[in-house]
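So the structure is just underneath, and the comments pick up after that.
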Amino acid sequence: MQQQKVVDSNAEDFSDGEEATFQDIDMLQDQGINAADLKKLKAAGICTIKGVQMTTKKALSNIKGISEAKVEKIKEAASKMAIVDESMKRKQCFKISTGSEDLDKLLGGGVESMAITEVFGEFRTGKTQISHTLCVTTQMPGAMGYTGGKVVFIDTENTFRPDRLRPIADRFNLDQAAVLDNVLYARAYTSEHQMELLDHVAAKFHEEAGIFKLLIVDSIMALFRVDFSGRGELADRQQKLAQMLSRLQKISEEYNVAVFVTNQMTADPGAAMSFQADPKKPIGGHILAHASTTRISLRKGRGENRIAKIFDSPDMPESEATFSITNGGITDAKE
Ligand code: GTP
Ligand code: MG
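According to the working numbering, the residues represented by the sequence shown are 16 to 350, in order.
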């Protein structure tokens, strides 16, 4: 496990790397916001123009040294700078291959940036194996000018295996050591810790602008399940979960990264009673359902085959894709 790294260390200088795909908050200086105020915003974790837009005026005025008048000025400056944002967004959005063309097709091209993609299914349906494969495929150049990039893997179940990336790297003709180097690993021990890690992740994404392309959380709910186990804690759990998902959504948009989360299932007694074909549901309730841009359910097929299905999407057709789990990672189904 010597390749493991912690997200909040190992600062490297990538300043002469790719062009940043987000607008740094320092650009507000051109709009007359002074550097001292920008420093205060950064200290509060707001490092991009988008970050300003996604923070309420109330939250901004709670920052020490930022008056309400200043908040108005900052907000106005940010919206001037952000006019190009929407068209820029469409241009910059990219998709990461899962390793299976059929699964990519189901996803509309792959795992999309600026969005949260959720896969859920019973044990051994391939959630962690897809996550490992994505660690590698993210580093490959792809369609429409996608240049490849680094990955952050947040592991809540201690199932990340760096050595698992080696045969997958071989399959794609990538250097094993380089592949391992480009995956930053962090183990989360509690749901609170999981949330704290996101601060470090955001700081890292900002520091190495445009270098990171994927953030994996495997699994999103496991620690919440442990930390909030009683019935009476459900409301609290959902509130904390909502905060985490909102943070993930912001990170995906601010830094133009894909967020990929895995989730578990629970038997839904109500559904079973109503003779529904699939009585199992993903956990996390409507909070997770709403936060995920795309939800994929996984089930076992023959041998190492797995079947993926779009779950509950209003704008995607109900279709399925079959893929295989192999030594080289996820591939199209082998009959
Ligand atoms: P839980 O986390 O337990 O809910 O399951 P999961 O959905 O994350 O399942 P996971 O991705 O761990 O998939 C396990 C499946 O992948 C098993 O069927 C294994 O046989 C297969 N698998 C795991 N590692 C390898 C490997 O190195 N080579 C091959 N060929 N298959 C593997
Ligand atoms: Mg797993």
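Yeah, the Cβ is synthetic: ideal placement off N, Cα and C, and Gly gets one too. Please read these numbers as outputs of a predicted model, since none were measured by experiment.
Are the beta-carbon atoms of residue i and residue j separated by less than 7 Å?
i, j, result
"Glu-172", "Ser-234", "yes"
"Leu-43", "Ala-92", "yes"
"Lys-165", "Phe-220", "no"
"Leu-249", "Ile-302", "no"
"Gln-38", "Thr-63", "yes"
"Phe-168", "Ile-231", "yes"
"Ala-306", "Leu-260", "yes"
"Glu-127", "Lys-110", "yes"
"Val-409", "Phe-187", "Limits of the chain in this structure are 16 at one end and 350 at the other, which puts residue 409 out of reach."
"Ser-206", "Asp-242", "yes"
"Lys-142", "Thr-277", "yes"
"Asn-342", "Pro-182", "yes"
"Gly-316", "Ile-325", "no"
"Gln-209", "Ala-217", "no"
"Ser-115", "Phe-338", "yes"
"Glu-137", "Met-236", "no"
"Leu-229", "Ala-273", "yes"
"Thr-140", "Leu-263", "no"
"Asp-117", "Asp-347", "yes"
"Lys-10", "Ile-78", "Within the shown structure, residues of the chain are numbered from 16 to 350, placing residue 10 beyond reach of any answer."
Check whether the Cβ of residue i lies closer than 6 Å to any heavy atom of the ligand GTP, and answer yes or no.
i, result
"Arg-139", "yes"
"Thr-341", "yes"
Any idea what DSSP makes of residue i, helix, strand or coil?
i, result
"Pro-297", "strand"
"Asp-327", "coil"
"Ile-61", "coil"
"Gly-247", "helix"
"Val-272", "coil"
"Leu-122", "coil"
"Gly-343", "coil"
"Gly-136", "strand"
"Phe-37", "coil"
"Lys-95", "helix"
"Ile-231", "strand"
"Arg-262", "helix"
"Ser-312", "strand"
"Ile-131", "strand"
"Ala-217", "helix"
"Ile-89", "helix"
"Ile-78", "coil"
"Met-280", "strand"
"Glu-319", "coil"
"Glu-333", "coil"
"Lys-349", "coil"
"Phe-338", "strand"
"Ile-226", "coil"
"Ile-111", "strand"
"Ser-307", "coil"
"Ile-302", "helix"
"Met-42", "helix"
"Met-210", "helix"
"Gly-66", "helix"
- Give me every residue whose Cβ sits closer than 7 Å to any heavy atom of the ligand MG, in chain order. Lys-142, Thr-143, Glu-172, Thr-174, Asp-233, Ser-234 and Thr-277
*Taking only runs of the beta strand (DSSP E) that begin and end inside the segment 138–206, which ones reach a length of at least 3 residues, in chain order?*
165–170 and 198–202
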